[in-house]
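Chemist:
There are 4 protein chains.
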Amino acid sequence: MVEVVGTAPTSAMVITKFVYRHSWKTNLINIKGITRDSITIMKLTKEQLKEIKNQQSQTNNTKRVISPELEKILYDAIPALDHGFVRVVDYMGDDTSIVQAARVSYGKGTKQVSTDSGLIKYLMRHWHSTPFEMCEIKYHIKLPIFIARQWIRHRTANVNEYSARYSILDKEFYLPTSENLAAQSTSNRQGRGNVLEGDQAKEVLKLLKDDAERTYANYEIMLNERYDGSTIDENKKGLARELARMNLTLNTYTQWYWKTDLLNLMNFLRLRADHHAQYEIRVYADIMLDTLKKWVPITYEAFMDYRVGGTEISAKGKLVIKKLIKGEEISIQDSGLSKREWNELMEAFNLNDKMI
Amino acid sequence: MVEVVGTAPTSAMVITKFVYRHSWKTNLINIKGITRDSITIMKLTKEQLKEIKNQQSQTNNTKRVISPELEKILYDAIPALDHGFVRVVDYMGDDTSIVQAARVSYGKGTKQVSTDSGLIKYLMRHWHSTPFEMCEIKYHIKLPIFIARQWIRHRTANVNEYSARYSILDKEFYLPTSENLAAQSTSNRQGRGNVLEGDQAKEVLKLLKDDAERTYANYEIMLNERYDGSTIDENKKGLARELARMNLTLNTYTQWYWKTDLLNLMNFLRLRADHHAQYEIRVYADIMLDTLKKWVPITYEAFMDYRVGGTEISAKGKLVIKKLIKGEEISIQDSGLSKREWNELMEAFNLNDKMI
Amino acid sequence: MVEVVGTAPTSAMVITKFVYRHSWKTNLINIKGITRDSITIMKLTKEQLKEIKNQQSQTNNTKRVISPELEKILYDAIPALDHGFVRVVDYMGDDTSIVQAARVSYGKGTKQVSTDSGLIKYLMRHWHSTPFEMCEIKYHIKLPIFIARQWIRHRTANVNEYSARYSILDKEFYLPTSENLAAQSTSNRQGRGNVLEGDQAKEVLKLLKDDAERTYANYEIMLNERYDGSTIDENKKGLARELARMNLTLNTYTQWYWKTDLLNLMNFLRLRADHHAQYEIRVYADIMLDTLKKWVPITYEAFMDYRVGGTEISAKGKLVIKKLIKGEEISIQDSGLSKREWNELMEAFNLNDKMI
Amino acid sequence: MVEVVGTAPTSAMVITKFVYRHSWKTNLINIKGITRDSITIMKLTKEQLKEIKNQQSQTNNTKRVISPELEKILYDAIPALDHGFVRVVDYMGDDTSIVQAARVSYGKGTKQVSTDSGLIKYLMRHWHSTPFEMCEIKYHIKLPIFIARQWIRHRTANVNEYSARYSILDKEFYLPTSENLAAQSTSNRQGRGNVLEGDQAKEVLKLLKDDAERTYANYEIMLNERYDGSTIDENKKGLARELARMNLTLNTYTQWYWKTDLLNLMNFLRLRADHHAQYEIRVYADIMLDTLKKWVPITYEAFMDYRVGGTEISAKGKLVIKKLIKGEEISIQDSGLSKREWNELMEAFNLNDKMI
């Protein structure tokens, strides 16, 4: 599974297989566990399998535009991390919806741009934002709480999260694979350095696993209820759910419906699929990038060219580049750039020999 | 298409006739005009008829949920005022999408509410907002600019408006029918009083019509271009469109794509379908209320009961009502209410004899 | 302290005393601990005391309007729960700013409402929202993560949260006092029932305390760094902070700057100071209600009358009330209300004998 | 007051003169008119002069941070176009507020960036948005309606506009100076070409002036009320204001309070102070850029360097620049760029000889 995440499954069959390893309902049925790094991974419940099957089996007629490639993976649970998933559960519009809106705005003015692809590229290049707001997508996401806390900072989305005030959280926690067990970077306060190895890696994984399991077990004791709904001690009351949840660790999984428009989805992906983003959220962003490609392929191409693969250059940076093109000498002192800025600029143009 | 349009209140026949009288494209074809209050009303263009026909003739298969009643009127141009229209051009979700989101949020907690209808009513009553954000709708609207300026104040929507920087506006202006030619209220600064009559009504209509036509004609002269695209004087340049438009009057029609979620649609309708709203925007809101009913019928019922037909009572007002129920005497002096508040309260409960 | 929280301190002196018991910096100075339920409560750091003193000692001249009562408590750390606080750190506008904006909007139309107080009440009663958006406030809040997760769902605010990707979280966790250790309600999925007592209460508190301390200690081990910045084992690397944080429990404290306008503050308070809100967030909302009163006293009065103390009645509910006022018989069957709705209505008007 | 106004760039004297030519109240006092392009320009009213004097004469003590340069021009009416103005009427925070918020977010992590200036530049370069949201500013703006319609599309602001439903609009219309009377660009659908000259210019100005005056005069006739509040014909009723306004042209002035945070102000300025923006809105944006400089001078510098003076380059564009730096041949065919993109790229780096 690990290999597939981030590049996205290439066929419905692959996805179907993975689906069995995930769950977004309680009342798990007792199927043989799959283990990785000696952690048992939860499986799909009967209820959940049935729900997906029902959703996927419907064939409705609509006069709305459809996105054929996205329809193929609609409702699929694409695995993310060890217990998470990304599901596209609804959408509205496709590439032509952007073009339609732009042509209303610009009227005859758009006739100069002859093709849909040309128009979408033009809009992307010149930061015309409103036509991209005309498409909407809704995801069902399962993710660790500490990642949900990063994610929710994107305010321009609609969210319905599983509430631990009302219901008991599933017994599922994120545990990094050993190759993702990075040390703190010594050069960068927010970054990761090399991977921890040997005994220290084992120790860390054991601490994470033991603490998550113990706090979850105590959560059940406080609730006086197991995650399958059975009561522990008939003579006791349970602590209020809204209180007991505070004992859980931040790697516990939660889930939500997350709906946003195409413009804000791209803003999200631009930040979260970037290599500066935390690995754990990037895994989700990479999967979503793939759903973007299926949904609005022309917009996806323009987004990759102008946003993801592009660069911004400051006024001072432009002067440096102009001199470099002319073959003139330029030093960091003359440029007015800080060392950090200088190096970022040189790196962007692969001028590694000029980095200092 | 034509047969379906007639879901609006009055009659299908009338509406059907009107459909042909509206236009959202330039290049009008020359069909015999229809007059009302001696104003020629524009007709649908060939291009436009073809576009609607094309949109409505598509039948796509989708795994998404659909709203059968809304599908029936999808893309129809429902007439509004003398040249405007409301078209639903896309949507996402239905009543079950709200229920689905709520059940994810509240998990097993929602089992107490056994039916979809009961759950939606509960959500509406207790101002649970996020599940209603899970549905989205997109309209194509043609409307006078002075109404567009009220409308745009609802910020939580996505908008692409026809741009008069790029293109020439159609020669279409709103002129009230004589029964809507209201005098300024003398008791209420924002309200309308009785209808103007006789010569004064005729004079006002003539002023509105003449000024709109003259300023439009001068708009063409300044542009050196007629609205059909032909040049007026080959030896002259035209004033920039972004400047010439400033000569148009505020009853000129514009158009836009307007997309919002169900929660914000209801916030819009609550204010704009209210009897305090200006008549001209209420015409649009009333049509949209009807599309709401087709789209999400259960939500519509709850909305009408709790929001539109409901009342809010202040803390002081509650004390008054409590005394009235007990049959106790209560005077405005004792109540702490202002005269205006007192009367609003009495009116809400049909206690007209207690109004002062 | 416990007695004061929620009703808000009544004098600057009281606040000053409490200030010493809270902390939003690391590097705690070693002052004698205060214990409650055998949990040591953190105290202010030297750095923090100095920062507050500096902020409070400045006296700047401004032509802007000021709110005299709010100035008195500016920068004070008002205690909330066991380690949290609420600080007002900046604001813009006062009651007159609302009036000024309304008078621009409504021009001469507002002359009918003669006083500022009358105008503000009118705006509140008729849901005129934009004038209340003209005032802005910024808080510095320290709060448990599980409460922060509820809070952040209010999207119309600006937030800068302490980042555990960059920095190490303080060793502070929320532990309920014994009187707040409520059992799960058996009648209401989200509610609290009676308080847990005796041995079970002690057991729960011990579990919460032990789990928080153990997971925090293991957090330090994984980081290979103590919260005072000292290294644990010079021969080891530390796990990346962005990963190690996942081991912390949800009652760990975080902090943020939270800025919003007056309208959205009232929307927040309406929901979070309500008795349906979780006790732990209500503690914060109650303190903020008190800052609202100091900041914009006229608006506060109108808010309490129309929003907090008021009631909404559905169309069906109105019919019931009308009949009750007339002294007519009315049964739940005739009303069309559900049992739940019926009881909510009767309770709102203290008609407890009619509840079923 | 008059003496204080002159803080704007050019000279106090010039600005002082202009101040007298603007008005945001009705009830104009009768001072000798000043003419430009033979259009009488309105003057300040007594009421307005008094209001500004009152606002500017207050000296309040505050513990809040202040921005000394912005205080100097607080409440001043800085002229814009022929009858418009920009007034800063309130603000919250300064450069240090951004730093303070960033240091809370990034904690010890920010210690690497030693100065406030360095930190703000870092935040700007890496699109860290939330710290810039911690500052807020409120403007009072008078502007033509067709510009207001562009402006209002920036949704992330709080607005209270003068309502022509309630009050009568001032008799003030925007008329371009002859040097701004641009022809429609023939190469660019949204652009301006050369200036109209001679008789055509005179004709256009006359049309604009006459149509604005006639429609305003008819507006008064329909209202049966002059803009000074006097009744025209005692025996007639007036048309409702909400209707009569539709007869006004789009160059009629309106006014509003407009409040936004620093991040969204910069987003606005980035688009509206750009040379692609319509001249008439750029006049306002330029004035606001100057207020930005006074308010948060460090942020202003970073904004000019990274946003206004900077450039974005697509992935394909980067490859072209890399080759140019290496001195390699590159043609548009090899680049994969469209002609338009190629030329935009060459222009950005002053490689005019490479444009095709």
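Residue numbers (my numbering), protein chains in the order written: chain U, 1 to 356; chain L, 1001 to 1356; chain F, 2001 to 2356; chain S, 3001 to 3356. Cβ atoms here follow ideal geometry from the backbone N, Cα and C, with glycine treated the same way.
For U/Pro-131, which residues in chain L fall below 7 Å Cβ to Cβ?
Modeler: Taking the first residue of the first sequence as 1, we reach residue 131 of chain U at position 131. The answer, in chain order, is Asn-1160.
Chemist: Beta-carbon of L/Ile-1066 versus every beta-carbon of chain U: anything under 9 Å?
Modeler: Taking the first residue of the second sequence as 1, we reach residue 1066 of chain L at position 66. So, interface residue.
Chemist: Measuring only between beta-carbons, confirm whether F/Ser-2023 sits less than 9 Å from chain S.
Modeler: Here residue 2023 of chain F refers to the residue found at position 23 when the third sequence is read from its first residue. Bear in mind that a pLDDT of 30 at F/Ser-2023, under 50, signals an unreliable position, so the number given afterwards is only what the model happens to contain. By this cut-off, F/Ser-2023 is not an interface position.
Chemist: With DSSP collapsed to three states, give me the class of L/Lys-1339.
Modeler: Taking the first residue of the second sequence as position 1, residue 1339 of chain L is located at position 339. Here L/Lys-1339 sits in helix by DSSP.
Chemist: When burial is assigned at 16 or more other CB atoms within 10 Å of the CB, is L/His-1083 buried or exposed?
Modeler: Here the question's residue 1083 of chain L lines up with position 83 in the second sequence. It is buried - the Cβ of L/His-1083 has at least 16 other Cβ atoms within 10 Å.
Chemist: Counting only Cβ pairs nearer than 7 Å, list the residues of chain F close to L/Ile-1173.
Modeler: By one-based count along the second sequence, residue 1173 of chain L stands at place 173. A small correction: the amino acid at residue 1173 of chain L is Phe; Ile does not occupy that position in the sequence shown. Those do not exist, as L/Phe-1173 stays about 26 Å from chain F at its closest Cβ, beyond 7 Å.
Chemist: In chain S, what lies closer than 9 Å to L/Met-1304 by C-beta?
Modeler: For the purposes of this step, residue 1304 of chain L is taken as the residue at position 304 of the second sequence. Neighbours of L/Met-1304 on chain S: none; closest Cβ ~26 Å, over 9 Å.
Chemist: I'd like to check one pair, S/Val-3088 with S/Ile-3073: are the Cβ atoms closer than 9 Å?
Modeler: On the fourth sequence, position 73 is the one that residue 3073 of chain S refers to. On the fourth sequence, position 88 is the one that residue 3088 of chain S refers to. Cβ atoms of S/Ile-3073 and S/Val-3088: closer than 9 Å.
Chemist: Taking the beta carbon of F/Gln-2333 as the centre, do at least 16 other beta carbons fall within 10 Å, making it buried, or is it exposed?
Modeler: For this step, residue 2333 of chain F is matched to residue 333 along the third sequence. By the 10 Å Cβ count, F/Gln-2333 comes out exposed.
Chemist: What residues of chain S sit near F/Gln-2056, judged by a beta carbon separation below 9 Å?
Modeler: For the purposes of this step, residue 2056 of chain F is taken as the residue at position 56 of the third sequence. In chain order: Lys-3063.
Chemist: Rounded to whole angstroms, what's the CA-CA distance from U/Gly-336 to S/Asn-3350? Just pull it up for me.
Modeler: Within the first sequence, the letter at position 336 stands for residue 336 of chain U. Within the fourth sequence, the letter at position 350 stands for residue 3350 of chain S. Computed Cα separation, rounded: 20 Å.
Chemist: Would you kindly work out how many angstroms separate the C-alpha atoms of L/Gly-1229 and L/Ala-1217, rounded to a whole number?
Modeler: The residue given as residue 1229 of chain L occupies position 229 in the second sequence. The residue given as residue 1217 of chain L occupies position 217 in the second sequence. About 14 Å.
Chemist: Among L/Glu-1071, L/Lys-1050, L/Trp-1295 and L/Cys-1135, whose alpha-carbon lies nearest the alpha-carbon of U/Asn-158?
Modeler: For the purposes of this step, residue 158 of chain U is identified with residue 158 of the first sequence, where counting begins at 1. Of the listed residues, the one whose Cα sits closest to U/Asn-158 is L/Cys-1135.
Chemist: What is the DSSP secondary structure of S/Ala-3080, counted as helix, strand or coil?
Modeler: Along the fourth sequence, one-based indexing puts residue 3080 of chain S at 80. Here S/Ala-3080 sits in strand by DSSP.
Chemist: With 9 Å as the threshold, decide whether the Cβ of F/Asp-2290 is near any Cβ in chain L.
Modeler: Working through the third sequence from its first residue, we reach residue 2290 of chain F at position 290. False, the Cβ-Cβ gap to chain L never drops below 9 Å.
Chemist: Closer than 9 Å, CB to CB, is F/Ala-2148 near chain U or not?
Modeler: Against the third sequence, residue 2148 of chain F aligns to sequence position 148. It does; some Cβ of chain U falls within 9 Å.
Chemist: Sort F/Lys-2322, F/Lys-2326 and F/Val-2283 by Cα distance to F/Ile-2078 and report the nearest one.
Modeler: Here residue 2078 of chain F refers to the residue found at position 78 when the third sequence is read from its first residue. Ranking the options by Cα distance to F/Ile-2078, first place goes to F/Val-2283.
Chemist: Taking 9 Å as the threshold (C-beta atoms), are L/Ile-1321 and L/Lys-1339 in contact?
Modeler: Start at 1 with the first residue of the second sequence, and residue 1339 of chain L comes out as number 339. Start at 1 with the first residue of the second sequence, and residue 1321 of chain L comes out as number 321. No. Outside cutoff.
Chemist: Considering S/Asp-3261, what are the terminal residues of the beta strand (DSSP E) in which it resides?
Modeler: Position 261 of the fourth sequence, counted from the start, is the residue given in the question as residue 3261 of chain S. First-last of the beta strand (DSSP E) with S/Asp-3261: 3253-3261.
Chemist: Taking only runs of the alpha helix (DSSP H) that begin and end inside the stretch 2154-2182 of chain F, which ones reach a length of at least 4 residues, in chain order?
Modeler: Qualifying alpha helix (DSSP H) stretches: none in this window.
Chemist: Quick check: is any heavy atom of the ligand ADP less than 8 Å from the C-beta of S/Leu-3337?
Modeler: This structure simply doesn't include the ligand ADP, nor any ligand for that matter.
Chemist: Which stretch, first to last residue, makes up the alpha helix (DSSP H) that contains S/Gly-3310?
Modeler: In the fourth sequence, counting from the first residue as 1, residue 3310 of chain S sits at position 310. No alpha helix (DSSP H) contains S/Gly-3310, which DSSP labels as neither H nor E.
Chemist: Cutting at 7 Å between CB atoms, please list the residues of its own chain near U/Glu-161, excluding the five before and the five after it.
Modeler: Translated into the one-based positions of the first sequence, residue 161 of chain U becomes position 161. Here the set comprises Thr-254 and Trp-256.
Chemist: Can you tell which of S/Val-3296, S/Leu-3181 and S/Arg-3307 has the C-alpha that lies nearest to the C-alpha of S/Ala-3273?
Modeler: Working through the fourth sequence from its first residue, we reach residue 3273 of chain S at position 273. Of S/Val-3296, S/Leu-3181 and S/Arg-3307, the residue nearest in Cα terms is S/Arg-3307.
Chemist: Helix, strand or coil for S/Tyr-3091 per DSSP?
Modeler: Locating residue 3091 of chain S in the fourth sequence gives position 91, where the first residue counts as 1. Note: S/Tyr-3091 maps to strand in three-state DSSP.
Chemist: Could you tell me the distance, in whole angstroms, from the CA atom of S/Thr-3249 to the CA atom of F/Ser-2314?
Modeler: If you number the fourth sequence from 1, residue 3249 of chain S lands on position 249. If you number the third sequence from 1, residue 2314 of chain F lands on position 314. Each residue's alpha carbon lies about 43 Å from the other.
Chemist: Strictly below 8 Å CB to CB, what residues from chain S border U/Ser-314?
Modeler: For this step, residue 314 of chain U is matched to residue 314 along the first sequence. By Cβ distance, chain S contributes Arg-3125, Asp-3305, Tyr-3306, Gly-3309 and Gly-3310.
Chemist: Check whether chain L comes within 9 Å of F/Phe-2085, counting only Cβ atoms and requiring the distance to be less than that.
Modeler: As a working mapping, residue 2085 of chain F is identified with position 85 in the third sequence. Not an interface residue.
Chemist: Using only CA atoms, which one of S/Lys-3259, S/His-3275 and S/Asn-3352 lies nearest to S/Ile-3152?
Modeler: Here the question's residue 3152 of chain S lines up with position 152 in the fourth sequence. For S/Ile-3152, the nearest C-alpha among the options comes from S/Lys-3259.
Chemist: Residues of chain F with CB closer than 8 Å to the CB of L/Ile-1281, please, in chain order.
Modeler: Position 281 of the second sequence, counted from the first residue, corresponds to residue 1281 of chain L. By Cβ distance, chain F contributes nothing, its closest Cβ being about 16 Å from L/Ile-1281, past 8 Å.
Chemist: Using the beta-carbon of each residue, which ones in chain L are nearer than 7 Å to U/Ala-101?
Modeler: Against the first sequence, residue 101 of chain U aligns to sequence position 101. Those within 7 Å of U/Ala-101 in chain L are Asn-1160 and Tyr-1257.
Chemist: Mind checking U/His-128: buried by the 16 CB within 10 Å criterion, or exposed?
Modeler: Locating residue 128 of chain U in the first sequence gives position 128, counting from the first residue. With 16 or more other Cβ atoms within 10 Å, it is buried.
Chemist: Give the secondary structure of F/Ile-2137 by DSSP, where H, G and I count as helix, E and B as strand, and everything else as coil.
Modeler: Residue mapping note: residue 2137 of chain F aligns to position 137 of the third sequence, counting from 1. Three-state DSSP puts F/Ile-2137 in a strand.
Chemist: By Cβ distance below 6 Å, which residues in the same chain neighbour S/Leu-3292 in space, the five residues on each side in sequence not counted?
Modeler: On the fourth sequence, residue 3292 of chain S is found 292 positions in, with the first residue counted as 1. So the qualifying residues of the chain are Tyr-3300.
Chemist: State yes or no: is the C-beta of F/Phe-2173 within less than 9 Å of the C-beta of F/Leu-2205?
Modeler: By one-based count along the third sequence, residue 2173 of chain F stands at place 173. By one-based count along the third sequence, residue 2205 of chain F stands at place 205. Result no, Cβ atoms of F/Phe-2173 and F/Leu-2205 do not sit closer than 9 Å.
Chemist: Who are the neighbours of U/Glu-136 on chain L, taking C-beta pairs under 8 Å?
Modeler: Start at 1 with the first residue of the first sequence, and residue 136 of chain U comes out as number 136. Near U/Glu-136 (Cβ distances below 8 Å), the residues of chain L are Met-1092, Glu-1136 and Lys-1259.
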